[in-house]
């Protein structure tokens, strides 16, 4: 139960910054004499992945980007997945590729991503892109949009200069937690990475300025885990069995300084940054200068 005497947490919506990014993307797209082609590859029955794909498709339509879904189904084989990614990577008509994670068991995402060329890797999750990030060479990489969105929101809540900030990342997944840890470190943040074996989570989080939760488990972060000075960035997306909507990994309205809503927080900005990655990918493929 939360303390009703505490002020409501400041909401951190992603839409204002997403709108700014989208305007930049529209300007780039309008300067081209062709329609870039983005392909989403599905190999699971994960309902959250379908939510993401549907959102990406709607945004693509609004921007005038050709969007194709290659759904291999939950029974896809590793060989079929590899062949699909290799073919798309080699196809000059395809400018961006997204492999939607998690994959169906027992498919191996690490093995699959080896077959995705780095310059079409819109999610920034191929070993080549992750290696550049880990090496501190972000300017040469396609950065994962969700961690980048989180970093933007942390800057909004904590200040543009994140050096010295203390941030806990709950969830060491390859799509968010692991790349985010390196990306925050590259900005001078002191990062504590928590996992399912972390002991005394409230004690670990107490000294942090912000908590990022990205596990994929509804209401994992609760009022007893946080303190009023915390900023909570919720990167979770969960679809309840009753189909009542989308919820995050943190309970709503926590007694904290600021919290991202779900939906409407990390998601809109992630979508906008993904299409900014598409613009960057096309420029890299065409040998054009990138910022």
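In full-length UniProt numbering, the protein residues as written are 1 to 291. A virtual CB, placed ideally from N, CA and C, is assigned to each residue, including glycine. This structure is a prediction, so every number in the text was calculated from the model and none was measured.
Check, Outcome
"Spatial distance of residue 145 from residue 269 (CA atoms)", "8 Å"
"For residue 238, three-class secondary structure by DSSP", "strand"
"Local Cβ density within 10 Å of residue 257, reported as buried at 16 or more and exposed below that", "buried"
"Close beta carbons around residue 13, own chain, < 7 Å, minus the five adjacent residues each side", "261, 264, 265"
"Segment limits, alpha helix (DSSP H) that includes residue 86", "78-90"
"Cα-Cα separation, residue 36 to residue 233", "32 Å"
"Whole-angstrom distance between residue 82 and residue 115, CA atom to CA atom", "6 Å"
"Pair within 8 Å by beta-carbon distance, residue 235 and residue 252", "no"
"Residue burial classification, residue 202 (beta-carbon count within 10 angstroms, cutoff 16)", "exposed"
"Limits of the beta strand (DSSP E) - the one that residue 69 falls within", "66-71"
"Cβ contact check for the stretch 98-108 and the stretch 45-52: 3 or more pairs under 8 Å", "yes"
"Inter-stretch contact (C-beta, 8 Å, three-pair minimum) for the stretch 112-128 and the stretch 51-70", "no"
"Span of the alpha helix (DSSP H), counted from its first residue to its last, around residue 20", "15-30"
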